[in-house]
Amino acid sequence: MDSRDIASTPPELITALKAAAHVLVFTGAGVSAESGIPTFRDALTGLWSRFDAEALATPEAFLKDPELVWGWYEWRRMQVLRSLPNPAHTAVADLARKVPELTVVTQNVDDLHERAGSDRVMHLHGSLQRPRCFDCGQSHPLPPGPPREPEGGRRLHPPLCTHCGGLVRPGIVWFGESLPEDVIAAAFAAARACDLLIAIGTSGLVQPAARLPWLARQAGATVVQVNPTATALDDDCTWSLRGAAGVIMPRLIETAFPSARC
Ligand code: OAD
10 MDSRDIASTP PELITALKAA AHVLVFTGAG VSAESGIPTF RDALTGLWSR FDAEALATPE
70 AFLKDPELVW GWYEWRRMQV LRSLPNPAHT AVADLARKVP ELTVVTQNVD DLHERAGSDR
130 VMHLHGSLQR PRCFDCGQSH PLPPGPPREP EGGRRLHPPL CTHCGGLVRP GIVWFGESLP
190 EDVIAAAFAA ARACDLLIAI GTSGLVQPAA RLPWLARQAG ATVVQVNPTA TALDDDCTWS
250 LRGAAGVIMP RLIETAFPSA RC
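For reference, each letter of the sequence shown is one residue, going 10 to 271 in the numbering used here.
See below:
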């Protein structure tokens, strides 16, 4: 096993965490896996091994079959509604109270960081909570959803925009679309400014998000990832902590900042 590829917490990481003035937490689908929300690329359970991304996650797919796409994202939104933040989300929110500055940048479209208590979360890939008009971009209130959806969702007609009558689409950044410029610029700036970046539960395969650890490392930050498996980010990391985020993250925070005991 590589010395950077470890299950236990290296003392140098604890020192770096305690000394950090600005921590950037960069998350992917793996941080929500223990909440019961499927990842994208894990074999068998990942969404993209069970569903066709081309038919569901592109603007062309929405135009071709809006009911299929809207129904699938409503199914995912219902999954999130029924889920709760897990100890990894809570540990990230706790950490923000222990370091001078903490930025959360997520690729996730769920709101579990917010529900765990993190504020000002940057959503690089949009949000299930923010539908908007496909034509005019006007934001649309969340439709009341059915409490249970069949696996994969059912066809649902998207609401119509109250402003222009166009079709309302999920507020997701689809394949082939650009990330919101202000959000990616702020995320890149945070990566260059942080002194410790913690990447949690991401395969590091989707650009430009996957550049964040590299940018931080180039700027001199310590970079650590939390993931049960090897990822495309391994070479950018000072340490790779192999394991589930819901186990590793609380342990990391508790080791660096032990809670007072009577
Ligand atoms: P992936 O599905 O590509 O990767 C999820 C990562 O989480 C994998 O490396 C797993 O090993 C890891 N993982 C699984 N369970 C974990 C656990 N309990 N604790 C920690 N890690 C765990 O998901 P992302 O990297 O987030 O884009 O994918 C990036 C983007 O690709 C997504 O935002 C999505 C997708 O297409 C959009 O929807 C726009």
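Each residue gets a CB set at the ideal place from its N, CA and C atoms; glycine is no exception.
Bear in mind that the values here come from a model prediction, so they are computed numbers and not experimental data.
Any heavy atom of the ligand OAD closer than 6 Å to the CB of residue i?
i	result
asparagine 236	yes
arginine 50	yes
glutamine 216	no
histidine 134	yes
lysine 63	Here residue 63 turns out to be glutamate, not lysine, going by the sequence shown. Not so, every heavy atom of the ligand OAD lies at least 6 Å from the Cβ.
glycine 39	yes
valine 101	no
threonine 284	Lying outside 10 to 271, the shown extent of the chain, residue 284 is not represented and no answer is given.
glutamine 88	no
valine 113	no
threonine 231	no
glycine 185	no
isoleucine 182	Per the sequence presented here, residue 182 reads as valine, with isoleucine not at that position. True, at least one ligand heavy atom lies under 6 Å from that Cβ.
glutamate 69	no
glutamate 83	no
glycine 80	no
glutamine 116	yes
tryptophan 42	Sequence inspection shows alanine at residue 42; the tryptophan mentioned does not correspond to that position. Because some heavy atom of the ligand OAD lies under 6 Å away, the Cβ of alanine 42 counts as near it: yes.
glycine 55	yes
glutamine 240	It should be pointed out that residue 240 corresponds to threonine in this sequence rather than to glutamine. Yes.
alanine 253	yes
Compute the beta-carbon to beta-carbon distance between residue i and residue j, rounded to the nearest angstrom, for a pair I have assumed lies under 8 Å.
i	j	result
isoleucine 1	valine 34	An answer regarding residue 1 cannot be provided, because it is not within the stretch 10 to 271 covered by the chain.
alanine 254	valine 40	5 Å
cysteine 142	glycine 185	So it is not a contact: roughly 19 Å between Cβ atoms.
methionine 131	valine 113	7 Å
proline 179	tyrosine 82	4 Å
glutamate 76	histidine 149	Going by Cβ atoms, the distance from glutamate 76 to histidine 149 rounds to 16 Å, so no, they are not a contact pair.
glutamine 116	alanine 218	5 Å
threonine 247	valine 235	Not really, about 13 Å apart at Cβ, beyond 8 Å.
threonine 54	leucine 250	Not confirmed; about 22 Å, so no contact.
aspartate 204	tryptophan 223	So it is not a contact: roughly 16 Å between Cβ atoms.
Does residue i come out as helix, strand or coil in the three-state DSSP assignment?
i	result
phenylalanine 60	coil
isoleucine 46	coil
alanine 198	helix
phenylalanine 35	strand
leucine 90	helix
glutamate 110	strand
threonine 18	coil
threonine 264	helix
threonine 67	coil
threonine 24	helix
threonine 54	coil
List, from N- to C-terminal side, the beta strand (DSSP E) runs of 3 residues or more that fit wholly inside the region 134-179.
You should have 135-142.
3 or more residues per run - each beta strand (DSSP E) lying fully within the region 195-252:
205-209, 231-235, 248-250
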